[in-house]
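Residue numbers (the working numbering): 226 to 459.
Before any comments, here is the structure.
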Ligand code: SAM
């Protein structure tokens, strides 16, 4: 296996600088250290982390870069993936969102150390509550390992401004999950922009779905806290 920069360039056509690569490994290392005392990620070695956190996170870079300029949010950020790497690489003002306050608090000093503390902030609360506080403020959102595609569309819709994009990282969505998401995307105000498959360097498949907010949703959003994930629209 080559360096992260080689893998990104040869497999995925994504160029990052040596300095950016160093910052990404510093991020991974810092998260692994915190993970010894707080449950941020189930990936325990830096070797696995290079693929499953860094390579995977950076796959989203071209899609986030394609979105309109403006605020970027990572929904259900956990240990800051893909949010911190994409903050580093895009230069966007970034909000990391997670309902577990102590997780996002732990990411703040990491961002400072990496030199992105001035444009990265955190929200320790539910996505549904953020949508009430900051409706239509975001130009681009990412979500990895958070919920079904349909739930993600519902959670993201009130946060995105018109033209804004939702970038979803998915391993193996079921046919049923796709059918539901494609069925409710229009009522939630979205168009599908792309559905791309990538192979990570460990041989696993990653699908990236990008949806663009084209119109206001036809139902009042957000619904009550928890509904999007516990009782998803069909
Ligand atoms: N995105 C990270 C990754 O891929 O490594 C973390 C994924 S983790 C499985 C999902 C995270 O989403 C958890 O940290 C959880 O606390 C958070 N989460 C789930 N539902 C949420 C909601 N409605 N609002 C905010 N955070 C939520």
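Every residue gets a Cβ at the ideal spot worked out from N, C-alpha and C, and that includes glycine.
Identify the residues that DSSP records as bridge partners of residue i: which are they?
i	result
residue 434	393, 420
residue 342	According to DSSP, which records beta bridges pairwise, residue 342 is partnered with nothing at all.
residue 415	438
residue 291	DSSP, once it has assigned bridges, lists no residue as partnering residue 291.
residue 385	363
residue 349	323
residue 299	321, 367
Taking the straight line between their C-alpha atoms, what separation do you get for residue i and residue j?
i	j	result
residue 280	residue 246	11 Å
residue 453	residue 442	14 Å
residue 278	residue 271	9 Å
residue 371	residue 423	19 Å
residue 253	residue 295	26 Å
residue 413	residue 311	26 Å
residue 427	residue 284	14 Å
residue 335	residue 256	8 Å
residue 260	residue 275	15 Å
residue 438	residue 393	14 Å
residue 434	residue 328	26 Å
residue 324	residue 341	22 Å
residue 358	residue 369	23 Å
residue 267	residue 273	10 Å
Report all residues from its chain with a CB closer than 8 Å to the CB of residue i; omit the five preceding and five following residues, and keep chain order.
i	result
residue 315	286, 289, 290, 297
residue 356	380, 383, 384, 446, 447
residue 449	353
Under a Cβ-count criterion, where at least 16 other Cβ atoms within 10 Å of its own Cβ denotes burial, should residue i be classed as buried or exposed?
i	result
residue 240	exposed
residue 400	exposed
residue 364	buried
residue 305	buried
residue 374	buried
residue 269	exposed
residue 353	buried
residue 326	exposed
residue 387	exposed
residue 405	buried
Would you grab the beta carbon distance between residue i and residue j for me? Rounded to a whole angstrom, and I think it's under 8 Å.
i	j	result
residue 436	residue 417	6 Å
residue 339	residue 322	Contact flag wrong, Cβ pair sits at about 19 Å.
residue 366	residue 410	So it is not a contact: roughly 15 Å between Cβ atoms.
residue 330	residue 349	6 Å
residue 320	residue 346	6 Å
residue 234	residue 389	Between residue 389 and residue 234 the Cβ distance is about 29 Å, and since that is not below 8 Å, they are no contact.
Once you ignore the five residues that flank residue i on each side, which residues in its own chain have a CB closer than 6 Å to its CB?
i	result
residue 440	414
residue 317	297
residue 249	279, 310
If you measure from the CB of residue i, is any heavy atom of the ligand ATP nearer than 6 Å?
i	result
residue 238	In terms of ligand content, the structure shown lacks the ligand ATP and carries the ligand SAM instead.
Kindly list the residues whose CB is nearer than 7 Å to the CB of residue i, restricted to its own chain and excluding five residues on each side of it in sequence; keep chain order.
i	result
residue 242	none
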